[in-house]
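Per the working numbering, residue 4 is the first one in the sequence shown, and the count goes up by one each step.
What follows is a set of notes on a single structure, which appears directly below.
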Amino acid sequence: MDFGLVLQTDPPASTVVGLMRRAERNGFRYGWTFDSAVLWQEPFVIHSRILEHTSRLTVGPMVTNPSTRTWEVTASTFATLNDMYGNRTVCGIGRGDSAMRVAGRPPNTLARLGEAVDAIRDLAEGREASVGGEPIRLPWVKDGRLPVWIAAYGPKALALTGQRGDGFILQLADPYLTEWMIKAVRTVAAEAGRDPDAVKICVAAPAYVGDDLAHAREQCRWFGGMVGNHVADLVARYGAHSDMVPEALTAYVEQRQGYDYAHHGRSGNPDTAFVPDEIVDRFCLLGPAEAHIERLRALRDLGVDQFAVYAMHDAREEVIDAYGSAVIPALS
Numbered sequence: 004m005d006f007g008l009v010l011q012t013d014p015p016a017s018t019v020v021g022l023m024r025r026a027e028r029n030g031f032r033y034g035w036t037f038d039s040a041v042l043w044q045e046p047f048v049i050h051s052r053i054l055e056h057t058s059r060l061t062v063g064p065m066v067t068n069p070s071t072r073t074w075e076v077t078a079s080t081f082a083t084l085n086d087m088y089g090n091r092t093v094c095g096i097g098r099g100d101s102a103m104r105v106a107g108r109p110p111n112t113l114a115r116l117g118e119a120v121d122a123i124r125d126l127a128e129g130r131e132a133s134v135g136g137e138p139i140r141l142p143w144v145k146d147g148r149l150p151v152w153i154a155a156y157g158p159k160a161l162a163l164t165g166q167r168g169d170g171f172i173l174q175l176a177d178p179y180l181t182e183w184m185i186k187a188v189r190t191v192a193a194e195a196g197r198d199p200d201a202v203k204i205c206v207a208a209p210a211y212v213g214d215d216l217a218h219a220r221e222q223c224r225w226f227g228g229m230v231g232n233h234v235a236d237l238v239a240r241y242g243a244h245s246d247m248v249p250e251a252l253t254a255y256v257e258q259r260q261g262y263d264y265a266h267h268g269r270s271g272n273p274d275t276a277f278v279p280d281e282i283v284d285r286f287c288l289l290g291p292a293e294a295h296i297e298r299l300r301a302l303r304d305l306g307v308d309q310f311a312v313y314a315m316h317d318a319r320e321e322v323i324d325a326y327g328s329a330v331i332p333a334l335s
C-alpha cells in the first residue's frame with residue numbers, strides 16, 4: 004500500500020513544502036494539495052517547489068476541476084512539471100466543489116468532466132485533443148505521462164471513473180462504503196473492456212494518532228461536513244433513501260443546515276456540528292497506531308492501493324512521524 008499526504012496551500016508555501024519533505028522522509032510516496040484559487044494559494048506554483056525539494060514524491064491536486072483553468076493550460080502545467088522533474092505528477096480531478104461554489108458557480112457536469120479527463124491526459128502526454136471543438140496538441144511534449152484519477156461518490160461519477168479514470172479517489176475511509184464503491188467502479192471498468200484491477204484506488208481521509216479520541220474527533224469533524232457537501236448533492240438528485248446511493252452515506256446529512264466555505268476543510272468548522280461521532284469514527288482514522296494499522300489492512304484487503312492522509316489538524320508533524328515510524332512499515 005502506498006501513502007500520500009494531503010494539505011491545503013495556506014501561506015506560507017514554505018510550510019507546505021517542508022511538510023511534504025518530512026512526508027517523503029517518512030516513506031510517503033504521494034503529495035497532494037487542495038485546489039481552490041480563492042480560498043488558498045495557487046497549488047501548481049507550490050507543486051514546482053515540492054518537486055524541486057523532493058526526489059521521489061509524486062505530486063498533484065486533490066482535486067482540480069475542468070473550469071477554473073482551460074484544459075490546455077492545465078495539461079501544459081502538468082507537462083511542464085513532468086519535463087522539469089521526470090513524470091512525477093498525477094492529476095486528481097472532480098466536478099469542483101469549493102473552487103466553483105466559492106466563486107458563485109455550480110460544479111461542472113459529469114459530461115464536461117469526462118471530456119476534460121480525456122483531453123487533459125492526451126494533451127499532457129503529447130497527443131492531439133479537441134478543446135472547445137478545436138484540435139490542439141502541445142508539440143514540445145516528449146515522453147510525457149499523466150495518470151488522471153477521478154474523485155467520485157455518486158453512481159454516475161463512479162461509472163465515469165470506471166470508464167475513463169486511471170484511478171479512483173474516494174474521500175472517506177469507511178470499509179463498507181469503500182467496498183461498495185470499488186465494486187461499482189470495477190464493474191463498469193470490466194463492462195467497458197478495461198482491466199478493472201488497473202484502476203488505482205486511493206482512499207483519502209483525516210488521520211489522527213493518539214489516545215484522546217474526543218480531541219481527535221473534534222480535530223477531524225470538519226471532514227464529515229466536507230463530505231456532506233457532495234452527499235447533499237446526491238440526496239437532492241436521488242433522495243435520501245434511494246437504492247442508487249447507500250443510506251450509510253446519505254443518512255447523516257438530514258440535519259445539515261448550510262455551509263460556509265470560509266471554514267472549508269478546517270478543524271473547528273462551525274458548520275459541522277451536525278456531524279455525529281459515529282460518522283467521524285467511520286470516515287476518519289483515529290486512535291493509537293495499532294487502530295490505524297487494523298483499518299488500513301482491512302482497506303488494503305478490499306483493493307485500496309493508497310491511503311492519503313488529510314492533515315488539517317493540530318498534529319500534522321506528529322501524525323506524519325507516527326505513520327513513518329509505525330504505520331507505513333506495517334503496511335509496506
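In this text, a Cβ means the ideal position worked out from N, Cα and C, and glycines have one as well.
From the DSSP output, which residues share a beta bridge with Cys205? Ile172, Gln309
For the 8 Å Cβ check, are there 3 or more pairs between the region 235-244 and the region 65-74? no
Is any non-hydrogen atom of the ligand MN found closer than 6 Å to the C-beta of Gly95, if you look at the structure I gave you? In terms of ligand content, the structure shown is empty, and the ligand MN therefore cannot be addressed.
Could you give the residue range of the beta strand (DSSP E) that holds Pro339? Residue 339 lies beyond the range of the chain shown here (4 to 335); nothing can be said about it.
Looking at the structure shown, is Trp35 part of a helix, part of a strand, or coil, going by DSSP? strand
With 16 other CB atoms within 10 Å as the buried threshold, where does Glu128 fall? buried
Return the residue from the list Val202, Glu297, Asn29 that minimises the CA-CA distance to Thr57. Asn29
How big is the Cα-Cα spacing for Arg72 and Asp215? 42 Å
Please confirm whether Gly306 and Ile172 have their CB atoms less than 7 Å apart. no
Sequence-distant residues of its chain with Cβ nearer than 7 Å to Tyr313 (five each side left out): Val9, Ala207, Ala208, Pro209, Phe226
According to the Cβ coordinates, are Ala192 and Gly165 closer than 7 Å? yes
Asp5 lies in the beta strand (DSSP E); which residues open and close that run? 5-10
Suppose contacts are defined by Cβ-Cβ distances below 7 Å. Is Ala119 in contact with Leu126 by that definition? no
Whole-number beta carbon distance between Asp38 and Pro14, since they are thought to touch under 8 Å: Not a contact, Cβ separation roughly 15 Å.
Rounded straight-line distance, which links the Cα of Thr61 to that of Arg52: 13 Å
Reduced DSSP category for Ser337 - H, G, I as helix; E, B as strand; rest coil: Residue coverage of the chain in this structure runs from 4 to 335, which leaves residue 337 outside it and unanswerable.
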